[in-house]
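The block underneath contains the structure these notes are about, expressed in structure tokens.
Numbering (the working numbering), first residue to last: 19 to 257.
Quick look at the structure:
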């Protein structure tokens, strides 16, 4: 019999949980109603060792504005009451099943999107514009692989008839849903308009190389300054 786990609000095991979730899940969203403990109980029932698991508490504040980004259910998910309805629900789901990295991906991608909109993009900047998807395998939210020039990126498209994805981060093709970014059009909040998903394009290999070189140079200068100050302080002390 496995040893009972300590009660903590949010926990993440060092062993990846995605394989366990896939094995449990004909419907991933059913896990939304259960505490994280069910993951560990299932691991024990499957004969997997959990006594050596390392748990860490996680504090992750999810921007309430992520609730305005809606998850579009597939045709067979419309009546599913456990289906997350927006990205705030999605982040909560990931935390409940211990997929903290996925929850952090949601938080980061939403923050990036909101930052772009808060800066009032002028349409001339180098952004990718289209319709986003959420990946239930890794938590990435963004324009799917293939870019904006595909079905689903026209607001008039019927998303219930168009397969979303694949995820532009991990390549997942099945566990993916379309997203709809919305904002209220009046103070009553009864009517909402749809906005496109906007994201900064990924860096090229050359750009990534230059960025890493600049970061290393900046770090080297920081260390040199620290050494210089330490030597000056030692000299003053020895006087």
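Don't be surprised by glycine CBs; every beta carbon is placed ideally from N, CA and C.
As the structure is a prediction and not an experimental result, all values here were calculated from the model.
Practice prompt. Below 7 Å CB to CB, which residues in the same chain sit around residue 109 once its five sequence neighbours on both sides are set aside?
Written response: 80, 84, 121, 124 and 125
Discussion item. How far does the beta strand (DSSP E) with residue 209 in it extend, from its first residue to its last?
Written reply: It is not in any beta strand (DSSP E) - residue 209 carries neither H nor E in the DSSP assignment.
Discussion item. Is it buried or exposed, residue 195, if we count other Cβ atoms within 10 angstroms and call 16 or more buried?
Written reply: So residue 195 counts as buried.
Discussion item. Contact criterion: CB-CB distance below 8 Å. Does residue 203 meet it with respect to chain C?
Written reply: Among the chains of the structure shown, chain C does not appear; only one protein chain is present.
Worksheet item: Okay, do the stretch 207–220 and the stretch 144–154 touch, 3+ Cβ pairs below 8 Å being the bar?
Response: yes
Fill in: Three-state secondary structure assigned by DSSP to residue 201
strand
Fill in: CB contact flag (residue 178, residue 161, <8 Å)
It is not a contact, given that the beta carbons lie outside the stated cut-off.
Worksheet item: Between the C-alpha atoms of residue 82 and residue 93, what's the straight-line distance to the nearest angstrom?
Response: 27 Å
Discussion item. Considering only their Cβ atoms, is the gap separating residue 158 from residue 127 smaller than 8 Å?
Written reply: yes
Practice prompt. Return helix, strand or coil for residue 249, following the three-state DSSP convention.
Written response: helix
Worksheet entry | Through-space distance from residue 91 to residue 99, alpha-carbon basis | Whole-angstrom Cα-Cα distance: 11 Å.
Practice prompt. Return helix, strand or coil for residue 243, following the three-state DSSP convention.
Written response: Residue 243 falls in the helix class under three-state DSSP.
Discussion item. Closest to residue 104 by C-alpha separation, out of 254, 245 and 197, would be which residue?
Written reply: Nearest to residue 104 by C-alpha distance, out of 254, 245 and 197, is 197.
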